Structure formats: structure tokens, C-alpha cells
Amino acid sequence: MKQSTKYLKILVNLLVALFTIVCLCFVFPKLIVFFMPFVVGWIISMIANPLVRFLEKRVKIVRKHGSMMIIIGVLAAVIGLGYLGVSRLFVEAGNLIAHLPQMYGNLQEDFEEIGRNLEVFYSRLPEDTQKQLAEIGSDFTGYLGGLVQAIGEPTFAAAGNFAKNVPATLIAIIMSILSAYFFTAERDAILAEVKKNVPASVWDRVSGVIYDLKRVVGGYFKAQFKIMGVVYVLLVIGLFILHMDYVLLVAFLIAFLDMLPFFGTGTVLWPWAAIKILSGDYRIAVGLIILYAVTQIVRQVIQPKIVGDTIGMNPLATLIFMYIGYKVSSIGGMIVAVPVGMILINLYQSGVFDNQIRCIRELVNDINEFRKF
Numbered sequence: 034m035k036q037s038t039k040y041l042k043i044l045v046n047l048l049v050a051l052f053t054i055v056c057l058c059f060v061f062p063k064l065i066v067f068f069m070p071f072v073v074g075w076i077i078s079m080i081a082n083p084l085v086r087f088l089e090k091r092v093k094i095v096r097k098h099g100s101m102m103i104i105i106g107v108l109a110a111v112i113g114l115g116y117l118g119v120s121r122l123f124v125e126a127g128n129l130i131a132h133l134p135q136m137y138g139n140l141q142e143d144f145e146e147i148g149r150n151l152e153v154f155y156s157r158l159p160e161d162t163q164k165q166l167a168e169i170g171s172d173f174t175g176y177l178g179g180l181v182q183a184i185g186e187p188t189f190a191a192a193g194n195f196a197k198n199v200p201a202t203l204i205a206i207i208m209s210i211l212s213a214y215f216f217t218a219e220r221d222a223i224l225a226e227v228k229k230n231v232p233a234s235v236w237d238r239v240s241g242v243i244y245d246l247k248r249v250v251g252g253y254f255k256a257q258f259k260i261m262g263v264v265y266v267l268l269v270i271g272l273f274i275l276h277m278d279y280v281l282l283v284a285f286l287i288a289f290l291d292m293l294p295f296f297g298t299g300t301v302l303w304p305w306a307a308i309k310i311l312s313g314d315y316r317i318a319v320g321l322i323i324l325y326a327v328t329q330i331v332r333q334v335i336q337p338k339i340v341g342d343t344i345g346m347n348p349l350a351t352l353i354f355m356y357i358g359y360k361v362s363s364i365g366g367m368i369v370a371v372p373v374g375m376i377l378i379n380l381y382q383s384g385v386f387d388n389q390i391r392c393i394r395e396l397v398n399d400i401n402e403f404r405k406f
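Per my numbering, numbering through the sequence shown is continuous, rising by one, with the last residue being 406.
Okay, here's the thing in C-alpha cells:
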């Protein structure tokens, strides 16, 4: 092979890889948002398809008729469960926002009690340190006051925007339902058409990658959601025993944090317990510590059994992806970066990037040879 042809192939391979990465990172997310009703429809069809196939084989129902029955059933179940769960969370969130000024007052009382308990220690500190601590306390109090005021203000603008978007939302819902039906009813025909127009080698490679992604990434997140559900139930029971307010909402937020890498229930429970200890409320503090211990013990016991063969990411790789996500798009980027990182690592392990890596090694080797005298 001529050197010029060799380097041209290397250049083409690297450009293809670069183009693919740019499309995945910038174009693909925008396309998903633009075609979101069809994405939702495809997800619903994936949920409904096993039941439709069962009815088609066992009950001998025509696929199109069975598709409509199952889709209606799936939508009814999702809407019913969503209404029962989400409506309760929204009620608690509304009550929480309405009582924020009162909660802010209670928090101020807790900090005043902490100040009285630490007064002896505080009086022995140097004057400069006392001034710095006083400034920090004042800034923190002002920040909390501003936060409560901002959250507690009526969001008329948000309500107006929601009203304006109602027609678009209804259209999106209708498109999602119709697309779910057609994706389910015509699933085999759609897959056959795609397979017919895609080269066999590409189809086999893509099918293998999709299977691995479903097994590793999908299995991992299914396991994490199951663990989150168990932790949520434990938190609801524990907070209910401690006679806390807004149990369902607070437990949901803590359980969601527990699912995220490098966070956990201790992110909330430990500072909460520390504040209660310093304010002299030892009963609540001990209860929160016991609740934390129970959630961690149960999590460690059930995690190996639920996760099974699914794998996560190396902690260092997780930390790196979270940092990149934070630099790109703040907290939301941190959350999205973890599944994106898992997908990239799985693609690498599946050999998707082997050709590009070989090209880079070949190019580096030729550059090193060229530099020799």
C-alpha cells in the first residue's frame, strides 16, 4: 500500500470518528428533543410488545387489534400509577412551599439554639475568628431568607407559560399514542425494512452493540431503580416513625440522591442529624443515624443480588465523567454524564473504536519513525 493511500485511509477513519462523536454529542440530543413524542411512543411500544406478542401467539388475536388493547392498558396503568404517585408528591411539594416561611423560622430557632449551646466554645475563640464566624452566619441566614422568598413567590409567569403550551402538549400526547400504536402494530415490518436496507455486517455489529447496551446499561439502571425503591420504602417508614412532615417528598428526594454516584442518603441524613445534635434534639438525631445505618445495611445486602451480572463503572472513571459533565452543564451534566460514560465504555469494550485506535497507533508509530535520524 502506498504511504499516501495509507495516510488517506487513516485521515478518513479519524474524520468519520470525529463526525460520529460530534453527531452523538450535539446533533443526536437535539433530534431526540425534536422527535420526543416518537421517542416516547417507541418506549411505550417496547413495553407493550412482549404482551402483544403473547396475545398474538397464545390467544390468536390479530396483532393490530392486540396492539391497541395493550397500548390502552399500558397507558391506563402508567397514567393511573403516575396520578397516584405524582399527584401526592405535588400536593406535598405545594404544602412544603406554602410552609417555607414557617420552616425557615424553625431553622433559625435551631441555629439560635446551636449558638447558645456553643456560646462557651465561641467565647474562647480569637476576636478575628469570632467576626469571621459571625459574618458567615449572617451571610448564610441572608442566603436562606432570599431562597425562601424566591421559592415562595407565586410563579405566575410559569403558570402562563404552561397555559400557552397546553395545545402543544396535547398534540405531543396524541402523537405519542399514535406512534406507539404504529410502532407496535408494524414493529416486525419496520425492523424487516431497516434490516433489508442496511448491510449485513453493519446490522450484525449494531445488533451486538445494542444487545450489550441493553444488558449492561439497561440492567444496571433497572437494578439501581429497584434499590432506590427499597431505600425509599425504608426512608418513608423511618421518617414516619420520627413524625416528620412531608414524608413522601423528603424520602423521594433522599432516595434519588442515594441512586446518584458519590452522593447517598448520608448527604442529607448526616448534616440533618448533626444539626439536631447541636440543637439538643437527640431523639431525632439518633433516629436519623439509625435510619442511615439501616438503609446502608439493607443496600449492601440486596445490591449484589439485584445487580447480578450487570456492571457499573470504575469509581475513577465515574468521577472523571461527572467532572466533565459538571464543566459542560453544571449539576444536570453530572447526572447525564454517568450513563453517557457507561455507553462510551461499553462501546469501547465492544470494539466500536478499534479501527480508530489502530489508526492512531499507526500514525504515532510512523511519526516516531520519521523523527529518528
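Glycine included, every Cβ here is placed at the ideal spot set by N, Cα and C.
Since the structure is predicted, the reported quantities are computational estimates derived from the model, not experimental observations.
Given residue i as reference, the closest of the options once Cα atoms are compared
| i | options | result |
| --- | --- | --- |
| TYR253 | LYS90, ALA81, VAL371 and ILE105 | VAL371 |
| ALA81 | ILE105, CYS58 and LEU324 | ILE105 |
| ILE368 | LEU290, SER212, LEU211 and ALA205 | LEU290 |
| ALA205 | VAL269, VAL55, VAL73 and PRO304 | VAL73 |
| LEU51 | ILE393, ASP399 and LYS405 | ILE393 |
| GLU219 | LYS42, GLY365, MET79 and MET69 | MET79 |
| ASP245 | LEU275, ILE310, GLN257 and TYR381 | TYR381 |
| GLN336 | GLY365, ASP399, ALA256 and ILE243 | ALA256 |
| ILE77 | VAL49, PRO62, ILE54 and THR217 | THR217 |
| LEU352 | ALA225, PHE68, LEU293 and LEU311 | LEU293 |
| VAL334 | LYS63, ASP221, ILE260 and ASP237 | ILE260 |
| MET375 | PHE354, ASP161 and VAL269 | PHE354 |
| VAL239 | ILE274, ALA110, ASN379 and THR202 | ASN379 |
| PRO83 | VAL60, VAL397 and ASP221 | ASP221 |
| VAL361 | VAL49, PHE59 and LEU48 | PHE59 |
| PRO348 | PHE87, PRO304 and PHE296 | PHE296 |
Residue i, buried or exposed, once every other Cβ within 10 Å from all chains shown has been counted against 16
| i | result |
| --- | --- |
| LEU44 | exposed |
| LEU267 | buried |
| VAL85 | buried |
| THR328 | buried |
| LEU41 | exposed |
| SER234 | exposed |
| SER312 | buried |
is_contact[residue i, chain B] using C-beta, thresh 7 Å
| i | result |
| --- | --- |
| ILE353 | The structure shown has no chain B; it contains just one protein chain. |
CB contact flag (residue i, residue j, <7 Å)
| i | j | result |
| --- | --- | --- |
| LEU272 | ALA288 | no |
| THR298 | TYR315 | no |
| VAL242 | SER383 | yes |
| TYR11 | GLY366 | What the structure shows of the chain is the stretch from 34 to 406, and residue 11 is not part of that stretch, so it cannot be assessed. |
Chain-order list of residues whose beta-carbon lies under 8 Å from that of residue i (same chain, five-residue window excluded)
| i | result |
| --- | --- |
| VAL331 | VAL263, VAL264 and LEU267 |
| MET277 | VAL283 |
| ASN46 | ASN388, GLN389 and CYS392 |
| ILE65 | VAL72 |
| PHE258 | MET292 |
Beta-carbon proximity list for residue i, same chain, < 6 Å, skipping 5 on both sides
| i | result |
| --- | --- |
| VAL301 | ILE287 |
| ALA306 | ALA318, LEU321 and ILE322 |
| SER212 | PHE71 and GLY74 |
| ILE223 | none |
| THR188 | Low confidence applies here, because THR188 scores a pLDDT of 44, under 50, leaving its location unreliable; read the following figure in that light. Here the set comprises nothing. |
| ALA192 | Note on ALA192: pLDDT 47, under 50, position unreliable in the model; no value is reported. |
| VAL227 | none |
| LYS309 | ILE317 and ALA318 |
| SER209 | PRO70, VAL73 and GLY74 |
| LEU396 | ILE43 |
Cβ shell of residue i (< 7 Å), same chain only, five flanking positions each side left out
| i | result |
| --- | --- |
| VAL385 | VAL242 |
| ILE364 | none |
| PHE87 | none |
beta-carbon residue i near the ligand COA non-hydrogen atom, thresh 6 Å
| i | result |
| --- | --- |
| PRO232 | Ligands are entirely absent from the displayed structure, and the ligand COA is therefore not among its contents. |
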